[in-house]
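Residue numbers (our numbering): 333 to 530.
Note that beta-carbon positions come from the ideal geometry of N, C-alpha and C, so glycine has one too.
Quick caveat, the model's predicted, so the values are computed rather than measured.
Working notes, beginning with the structure itself.
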């Protein structure tokens, strides 16, 4: 990862954004690169800039898309089949060891509280970007909400499974009641907790 190359790509992205907004004067001049020299990119931004550099390497800005199409020239999608970041194994090992240690330490107050694993979301946001952190936060809260529902449904099933008398009708009626409770209580409680935790 060449810091100068990343810096130039960052400047190009900012310039492109200024032009799209109609603020051509907001573009950065070449001499302003010196002011950005001390800038420290997060790992997520480095990955994004590296991805942009690879994607833009084959892009010809002087040609219109219809000209490329008529001449049947290769484009970036023809040359690059797949582009993905390499995993930082040292970070992954350290992060997941810490996450496992904190997650499996059972504390009722921690379970009932908001997203107590905010540190994990912030670490992932910094390292992998907003989308991964958002998905992680959603799955964390969803799993926390799903666990009591799963345990209660499993208990309900086992109660009916090992009775000697055939109770299929009562079992189905009970499932209907559970379904109504999920729709009326579990779903809305999840919708209330999701914005509160994020």
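Close Cβ partners of residue i (< 8 Å) along its chain, the five nearest in sequence each way excluded
| i | result |
| --- | --- |
| residue 522 | 473, 474, 477 |
| residue 455 | 427 |
| residue 481 | 514, 518 |
Closest residue to residue i among the options (Cα-Cα distance)
| i | options | result |
| --- | --- | --- |
| residue 423 | 434, 459, 388 | 459 |
| residue 508 | 485, 400, 402 | 485 |
| residue 504 | 433, 497, 492 | 492 |
| residue 381 | 345, 457, 400, 399 | 345 |
| residue 431 | 421, 451, 420 | 451 |
| residue 526 | 516, 487, 471 | 471 |
| residue 510 | 524, 483, 402, 420 | 483 |
Local conformation of residue i per DSSP, three classes
| i | result |
| --- | --- |
| residue 494 | coil |
| residue 401 | helix |
| residue 345 | helix |
| residue 499 | coil |
| residue 461 | coil |
| residue 420 | coil |
| residue 505 | helix |
| residue 455 | helix |
| residue 430 | helix |
Beta-carbon proximity list for residue i, same chain, < 7 Å, skipping 5 on both sides
| i | result |
| --- | --- |
| residue 466 | none |
| residue 506 | 488 |
Close beta carbons around residue i, own chain, < 6 Å, minus the five adjacent residues each side
| i | result |
| --- | --- |
| residue 457 | 465 |
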